[in-house]
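Read through the structure below, which is laid out as C-alpha cells, and then see the notes.
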Amino acid sequence: MSKILAAFAVSVSIGVSALVSASPAHAAQACTSLAGPAGGSLPLCKTWNWDGNDYDGRWWTNGPSSLPSHTYLQRREDGAVHNSAYSGTYNDKSKVHFRLCDSLAGRCNGWW
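See below:
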C-alpha cells in the first residue's frame, strides 16, 4: 500500500493556486494567477526541491499575461528583493516569493 501511495502525485487546489507534489518530502510545484496592482494578471508557476539543507527550483509564466507594460515582477530570495525576469531558476535558498509592482501606480501587491 505505501508503495502505491508513493507513486501518486498529490494535487491540491487552494483558491486560485494549485499545488502539485511529485514526492511529498522533496519536490513540489505551485501555480497561481498574480493580480497586477494596476489591473491585469500574470499566470505564474514555481517549483521547489529540498536537497537536504535548502531549496532549488525554477519559475515561469503559465500562459499569456494581461499586465500593463509598466507592471513588473519582483522576487524575494531569503529577504533580498530583486526585479525579476518572468522565468528563471534559483539555488540554495530557504524562501523564494514573488509579487507584481507597477511603476506608474507606485505600489506593489502582496508576496506569493
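With mature numbering (1 follows the signal peptide of the UniProt record, and there is no 0) applied, the sequence shown corresponds to residues -27 to -1, 1 to 85, in that order.
Heads up, the beta-carbon is just placed ideally off N, CA and C, and yes, glycines get one too.
Nearest Cα to Ser42 within the set Leu7, Ala(-1), Ser76 and Arg72: Ser76. By the neighbour-count criterion, in which 16 or more other beta carbons inside 10 Å mark a residue as buried, Thr62 falls on the exposed side. Per the coordinates, the alpha-carbon of Cys4 lies some 9 Å from the alpha-carbon of Thr34. A straight-line Cα-Cα distance of about 21 Å links Ala(-1) and Trp84. If you look at Pro16, you'll find it in the beta strand (DSSP E) that goes Ser14 to Trp23. In the assembly as shown, Lys68 is an exposed residue. Its beta-carbon has fewer than 16 other beta-carbons within 10 Å.
The shortest C-alpha to C-alpha distance from Ser38 to any of Pro16, Asp51, Gly79 and Ala78 is the one to Pro16.
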